[in-house]
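**Q** Number 122 in the working numbering belongs to position 122 of the sequence shown; there are no gaps in the numbering.
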Amino acid sequence: MTVDSGVRLECAGPVATVTLCRPDVLNAQTPAMWTALSHFSRDLPGDVRVVIVRAEGRAFSAGLDLSLVSGEGTNSFTEMARLTPEESVDRIHAFQMGFTWFRRPDIVSVAAVQGHAIGAGFQLALACDLRVLADDAQLSMAEVTLGLVPDLGGTKRLLELVGYARALEICVTGRRMGAAEAERLGLANLVVPRADLDGAARDLAAAVLASPEPRSSR
Numbered sequence: 001m002t003v004d005s006g007v008r009l010e011c012a013g014p015v016a017t018v019t020l021c022r023p024d025v026l027n028a029q030t031p032a033m034w035t036a037l038s039h040f041s042r043d044l045p046g047d048v049r050v051v052i053v054r055a056e057g058r059a060f061s062a063g064l065d066l067s068l069v070s071g072e073g074t075n076s077f078t079e080m081a082r083l084t085p086e087e088s089v090d091r092i093h094a095f096q097m098g099f100t101w102f103r104r105p106d107i108v109s110v111a112a113v114q115g116h117a118i119g120a121g122f123q124l125a126l127a128c129d130l131r132v133l134a135d136d137a138q139l140s141m142a143e144v145t146l147g148l149v150p151d152l153g154g155t156k157r158l159l160e161l162v163g164y165a166r167a168l169e170i171c172v173t174g175r176r177m178g179a180a181e182a183e184r185l186g187l188a189n190l191v192v193p194r195a196d197l198d199g200a201a202r203d204l205a206a207a208v209l210a211s212p213e214p215r216s217s218r
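#1: Going by DSSP, what residues sit across from S140 in a beta bridge?
#2: Counting beta carbon pairs with one atom in the stretch 50-65 and one in the stretch 9-28, are three or more of them shorter than 8 Å?
#3: By DSSP, does R22 sit in helix, in strand, or in coil?
#4: Going by the beta-carbon positions, is the gap between D65 and T19 smaller than 8 Å?
#5: Going by DSSP, which residues form a beta bridge with I52?
#6: Which whole-angstrom value describes the C-beta separation of D88 and M97, a residue pair presumed to lie in contact below a C-beta threshold of 8 Å?
#7: L124 to S5, Cα distance in whole Å?
#8: Please return the same chain residues whose Cβ sits closer than 6 Å to the Cβ of D151, not counting the five positions on each side in sequence.
#9: Using the beta-carbon count (16 or more within 10 Å), is R218 buried or exposed?
#10: Looking at G153 and T100, is the spacing between their C-beta atoms short of 8 Å?
#11: Within the 8 Å Cβ cut-off, does A12 reach chain B?
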């Protein structure tokens, strides 16, 4: 999948780069993007060991494309409301597949986050193993402000990283946190100046690749 879906995959030896490329709408996410992300897992060459997730423009992702709330057609809120409970579960599971593969045991995933990572954007960053934040990063599990449930897998990762009480507070308030707080809570492995973000992510990928590749004992 390429730019048509709003996200692209590029591979260079053992490093793959997933780029959100809808900067004109702050990389707001759509079901088409989630489908493309899930296909990337299938298409990933076998020699890839590190996947960097980054975004064009001034924001990592402003979250869900709100045109889905008022629009019609496939995957709009109007269409989703007509699904049976079983169909809804299946649809959401398919969306989650675009996020959960970043925890595959054969790769290390690194999110490079600048500007806003809101809602689904925050969940995408949480889906990765490691996070490098620009010093202008702003994170928020903002679904609650729209009357929505954050159902793309991010709440589980948030709980694992910061514990129940803090995860609950972040989710039910929808408040924003800056890069310094995210680092203090363990949500960021590294905080760097905005201009250094891509380089820092590449350096972290290189450090991962410098270690011997794990091999099966069988």
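C-beta atoms are modelled at their ideal positions from N, C-alpha and C, and glycine is treated no differently.
**A** Once the coordinates are examined:
#1: Here residue 140 is taken as the residue at index 140 of the sequence shown, counted from 1. DSSP, once it has assigned bridges, lists I118 as partnering S140.
#2: yes
#3: Within the sequence shown, numbered from 1, the residue matching residue 22 stands at position 22. Residue state, collapsed to three classes: coil.
#4: Here residue 65 corresponds to residue number 65 of the sequence shown, with the count starting at 1. Here residue 19 corresponds to residue number 19 of the sequence shown, with the count starting at 1. Not a contact, by the Cβ cut-off of 8 Å.
#5: Here the question's residue 52 lines up with position 52 in the sequence shown. I52 is bridged to T17 and V110.
#6: Within the sequence shown, residue 88 is the residue found at index 88, counting from 1. Within the sequence shown, residue 97 is the residue found at index 97, counting from 1. Strictly speaking, residue 88 in this sequence is Ser, with Asp absent from that position. The pair is not a contact, with the Cβ atoms about 15 Å apart (cut-off 8 Å).
#7: Along the sequence shown, read from residue 1 onward, the residue named residue 124 stands at position 124. Along the sequence shown, read from residue 1 onward, the residue named residue 5 stands at position 5. When rounded, the distance between both Cα atoms is 16 Å.
#8: In the sequence shown, the residue the question calls residue 151 occupies position 151. Excluding positions up to five away in sequence, the list reads I92.
#9: Along the sequence shown, one-based indexing puts residue 218 at 218. Bear in mind that a pLDDT of 39 at R218, under 50, signals an unreliable position, so the model cannot answer this.
#10: For the purposes of this step, residue 100 is taken as residue 100 along the sequence shown, with counting starting at 1. For the purposes of this step, residue 153 is taken as residue 153 along the sequence shown, with counting starting at 1. Yes, the pair counts as a contact, with Cβ atoms nearer than the cut-off.
#11: You won't find chain B in this structure, because it holds only one protein chain.
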